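Residue numbers (this note's numbering): 46 to 216. See structure below.
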Ligand SMILES: [Cu+2]
């Protein structure tokens with residue numbers, strides 16, 4: 046019986062790390078916006094509508110909340126969504142932000158309708174394909190983040206992170 050073993054000839058995988066949205070260079074933010082813009086133009090399962098629909102609109106959505114799958118499901122979702130964006134602009138990564146800083150609910154890179162150059166910001170809103178709309182006049186996505194002070198405090202997050210039991214932690 047032959048047992049497969051890892052091949053030493055496999056090409057090395059380049060490790061990428063996600064950056065804080067507040068520290069993206071103009072070029073990095075431009076690459077992200079370009080990747081989303083290009084993905085928004087694709088109508089099949091490589092496109093933005095497909096990936097956005099898994100977690101919101103267009104319907105139906107498949108997001109897993111209130112279960113032990115919350116964290117692994119979202120981690121995998123972001124990974125594959127990022128891969129779809131990298132198919133448009135190689136090397137682009139999804140940025141992160143620490144929402145314990147309640148002074149800014151949605152970072153400006155995502156919140157502003159227009160870019161500093163005056164173009165439509167693809168990170169702020171996206172078209173919704175007609176078949177995925179809840180109502181016929183719902184043509185673009187929108188956010189409803191709520192009051193940032195409703196988010197957990199830094200102390201509350203630290204308390205959760207100190208948990209040593211994964212199932213208690215993720216709940
Ligand atoms: Cu979700």
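Cβ coordinates follow ideal geometry from the N, Cα and C atoms, glycine included. Remember, it's a predicted structure, so these values are computed and weren't measured experimentally.
| Minimum C-alpha distance to residue 100 - residue among 194, 82, 113 and 120 | 120
| Less than 8 Å separating the beta-carbons of residue 81 and residue 130? | yes
| query | Where does residue 144 sit, in a helix, a strand or coil, going by DSSP? | reply | coil
| said: So if DSSP puts residue 152 in a beta bridge, which residue, or which two residues, is it bridged to? | reply: Looking at the DSSP assignment, residue 152 forms no beta bridge with any residue, so it has no partner.
| query | When the Cα atoms are used, what is the spatial distance from residue 75 to residue 201? | reply | 34 Å
| query | Does ligand 1 have even one heavy atom less than 7 Å from the beta-carbon of residue 110? | reply | yes
| said: Can you find the residues in the same chain that come closer than 7 Å, C-beta to C-beta, to residue 150, ignoring five residues on each side of it along the sequence? | reply: 190 and 193
| request: Kindly list the residues whose CB is nearer than 7 Å to the CB of residue 84, restricted to its own chain and excluding five residues on each side of it in sequence; keep chain order. | output: 92, 93, 129, 130 and 133
| query | For residue 185, which three-state DSSP category applies? | reply | strand
| Going by other Cβ atoms of all chains shown within 10 Å of its Cβ, with 16 needed for buried, is residue 77 buried or exposed? | buried
| said: In whole angstroms, give me the CA-to-CA distance for residue 167 and residue 185. | reply: 11 Å
| message | Along the chain, where does the alpha helix (DSSP H) containing residue 82 start, and where does it finish? | response | 71 to 85
| field | DSSP-derived helix/strand/coil call for residue 159 | value | strand
| query | Looking only at C-alpha atoms, which of 197, 159 and 109 sits nearest to residue 144? | reply | 197
| query | Taking the alpha-carbon positions, what's the residue 137 to residue 153 distance? | reply | 19 Å
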